[in-house]
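S.K.:
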Amino acid sequence: MTSSLLARGLLLVALFVGALIGGWTAGRFRSTPVSGSHILKRFVGGMLMGWGSLLIPGGNDGLILLGMPLLWPYAWLAFATMCAVIGFALLAEKSLVRSAAKSGIG
Numbered sequence: 013m014t015s016s017l018l019a020r021g022l023l024l025v026a027l028f029v030g031a032l033i034g035g036w037t038a039g040r041f042r043s044t045p046v047s048g049s050h051i052l053k054r055f056v057g058g059m060l061m062g063w064g065s066l067l068i069p070g071g072n073d074g075l076i077l078l079g080m081p082l083l084w085p086y087a088w089l090a091f092a093t094m095c096a097v098i099g100f101a102l103l104a105e106k107s108l109v110r111s112a113a114k115s116g117i118g
């Protein structure tokens, strides 16, 4: 962490420039319309992530770098839960994409 305001400003600019370059090189640098359902999905997703972070003491770094090596049960349980939820979400996404393709939606 840096305490210099100039360094923080430069890091912020670097973050935005990196995001712009990443979007441009990925071919996704374009304006897209935003609908109410998009906003609602993002809000609900952020809310779920926030609630999840309240349930686990510390963040991912603390879990993986400190809690798991010290064999703290909550760290192992939280990590296993994260892996299971990510796996479930990936399977659900694949299933939704397949059903949308079959019905001709996407």
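Sequential numbering from 13 applies to the sequence shown in our numbering. Note that CB positions come from ideal geometry on N, CA and C, so glycine has one too.
#1: With H, G and I counted as helix, E and B as strand and the rest as coil, what does DSSP make of M40?
#2: Would you call the region 55-62 and the region 36-47 touching, i.e. three or more CB-CB distances under 8 Å?
#3: Report the rounded CA-to-CA distance for S115 versus I98, giving the unit in angstroms.
#4: DSSP three-state call for I68: helix, strand or coil?
#5: Put S115 into one of helix, strand or coil per three-state DSSP.
M.R.: Let me lay it out:
#1: The count along the sequence shown starts at 1 and reaches residue 40 at position 28. Correcting the residue type first, residue 40 is Arg in the shown sequence and not Met. Of the three classes helix, strand and coil, the one that applies to R40 here is coil, per DSSP.
#2: No: the two stretches stay apart, fewer than three of their Cβ pairs being nearer than 8 Å.
#3: As a working mapping, residue 115 is identified with position 103 in the sequence shown. As a working mapping, residue 98 is identified with position 86 in the sequence shown. About 26 Å.
#4: Taking the first residue of the sequence shown as 1, we reach residue 68 at position 56. Residue state, collapsed to three classes: coil.
#5: Translated into the one-based positions of the sequence shown, residue 115 becomes position 103. Correct three-state label for S115: helix.
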